[in-house]
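Everything in the sequence shown is counted per this note's numbering, starting at 14 for the first residue and increasing by one.
The C-beta atom is built at its ideal place from N, Cα and C for all residues, glycine as well.
None of the values given here were measured: they were computed from a predicted structure.
A short write-up of the structure that comes next.
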Amino acid sequence: MSQLIKKNSFKYYFNKISLYAIFMVLIILFASVIFFVQNDKEERLKVLGDRVVQNFRSGLDYEMVDLLSFSMALSEDGELKNALLSLDETKGYSILSHISSRFKKYTHLKSLRLQVLTPDFFIFARSWNEGFEGMPIWWFRDDLDALNKNNEPKVGMETGRLLTFKATVPIRSGLKLIGYLEAIKMIDEFSVKLRNKGVELIALMDEKYLDKAELMRDFPIVHEYVIANQNFNQQFLPKIEMLDWDDFLTKNYTYEDGILYLNEPMYNGAGTQIGIYMLAVADDALNAFKTQSDKISFFTQFSDEDIEKVVNAWENPYGSFRNAYDKDLIELLPKLHKEDKTELEFKAKSILRTYTKEELIDIILSNKHREKKVGEIK
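Here you go:
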């Protein structure tokens, strides 16, 4: 009898221990599943975030190269040079406002502003208003210091009274420097492009630049940054304020309430960090982004090859041309209205006559978007 009791007791404890063991195994398995699911989700967010940022960089570079090419071609406008040489500020305003209005009407450059500066950085003329002629601009534009040293074309996201894309190009009469042409574009225009793809841009400029950015002093401030684009989605402001900001800056991303927040450093033309670009991407846009081809730019809809071709202008600006000026002038001509390009067309023909037959063939063959041509160039 006692042996039977012991046997039943042993069986009872064995079953109880087995039950505990099974329970513990289930807990471990459940925790493992949660852990791997979380890790998998984290990894997928990182991969998607990297793709969004990579495409954002390409789109940003494209904006700057496009603006620089445009300003380099316009800096050769003969009428504008004559107005500058004769100090005819009224004529300068008329030329700039006419060019700006035409490009706003017929091209993607909807927020384009043009201005001409004297060699010592006083305003000669602006496309958007008169009455500022002779005003010094150097005191709130630190980015102009570099032009004193090398007089080379430059482009970047620059601080000033506002934060804008600025391309600044020397204007020369022969070898003499007679001024600078500057093409300016608001970041809000780029923000709209991104929003159309489901990406909200919040351009955050370091608060320390407010001492000169007088037109931005009433702009919202979050985490010691000024929100520079006026068309940002204000519904994101309270959400941004609630983020663990230090963690966000350290990891470069965070995911809260169905929104992936990413950040990318904002540099000016001299390579100095002046803020950050914050990108907010909701789940529906992320899902759409998953299905897009890796070879298509999310923001510009150009293929990777097209984007690389444009962005490579930084490192290989000439292509089949002898110099950047020849390349930019020739490539801009088809975009101009007839009355805007008469003199530039004459200059282009004069330039091409100096090229050899082989060089001209290279130029034709390197342009993939034109019809192939067979035969000799005489």
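With residue i as the anchor, note down where its beta strand (DSSP E) starts and where it stops.
i    : result
G288 : Q286 to A295
D259 : Element bounds for D259: not the beta strand (DSSP E) but the alpha helix (DSSP H), W258 to K264.
Y238 : Y238 to I240
E92  : From DSSP, E92 is part of no beta strand (DSSP E) but of the alpha helix (DSSP H) over G91 to L98.
L214 : V212 to D219
E202 : Run containing E202: none in the beta strand (DSSP E); it sits in the alpha helix (DSSP H), I200 to R208.
G271 : Counting along the chain, G271 falls outside any beta strand (DSSP E), and DSSP gives it neither H nor E.
K167 : K167 to E171
F137 : I136 to R139
R127 : Note on residue identity: the sequence assigns Leu, not Arg, to residue 127. Counting along the chain, the beta strand (DSSP E) containing L127 begins and ends at R126 to L130.
Find out if the Cβ-Cβ distance for the pair residue i, residue j is shorter than 9 Å.
i    : j    : result
S140 : S110 : yes
L273 : A295 : yes
R126 : S113 : yes
I150 : T177 : no
A241 : L175 : yes
P183 : S82  : no
P233 : L256 : no
N265 : G62  : yes
V235 : E254 : yes
I287 : T172 : yes
P132 : G192 : yes
F69  : V212 : yes
G147 : F135 : yes
D156 : T181 : yes
S84  : P166 : yes
N276 : L292 : yes
Y280 : L58  : no
F153 : K225 : yes
V9   : L97  : Shown here, the chain extends from 14 to 391; a query on residue 9 therefore has no answer.
L194 : L93  : yes
I108 : D79  : no
M199 : S124 : yes
Which of helix, strand or coil does DSSP assign to residue i?
i    : result
M148 : coil
N244 : coil
R57  : helix
N276 : strand
P251 : helix
G72  : helix
R185 : strand
D375 : helix
L17  : Because L17 sits at a pLDDT of 47, beneath the cut-off of 50, its placement in the model cannot be relied upon, and the following sentence gives the value as read from the coordinates. Of the three classes helix, strand and coil, the one that applies to L17 here is helix, per DSSP.
K162 : helix
E195 : strand
F232 : coil
R154 : coil
F83  : helix
K365 : Note on residue identity: the sequence assigns Leu, not Lys, to residue 365. Here L365 sits in helix by DSSP.
L190 : strand
K179 : strand
R174 : coil
N300 : helix
L122 : coil
I227 : Here residue 227 turns out to be Glu, not Ile, going by the sequence shown. DSSP places E227 in helix when its eight states are reduced to three.
S88  : coil
E143 : coil
D133 : coil
State the CB to CB distance for the pair residue i and residue j, rounded to an integer number of angstroms; the pair is presumed to be in contact (CB under 8 Å).
i    : j    : result
E76  : F203 : 6 Å
Q243 : D201 : 6 Å
Within the continuous alpha helix (DSSP H) that includes residue i, where are the two ends?
i    : result
G282 : Per DSSP, G282 belongs to no alpha helix (DSSP H) and is neither H nor E.
E102 : E102 to Y119
Using only the heavy atoms of the ligand FAD, determine whether one of them is closer than 8 Å to the beta carbon of residue i.
i    : result
D259 : The ligand FAD is not among the ligands present in this structure, which contains no ligands whatsoever.
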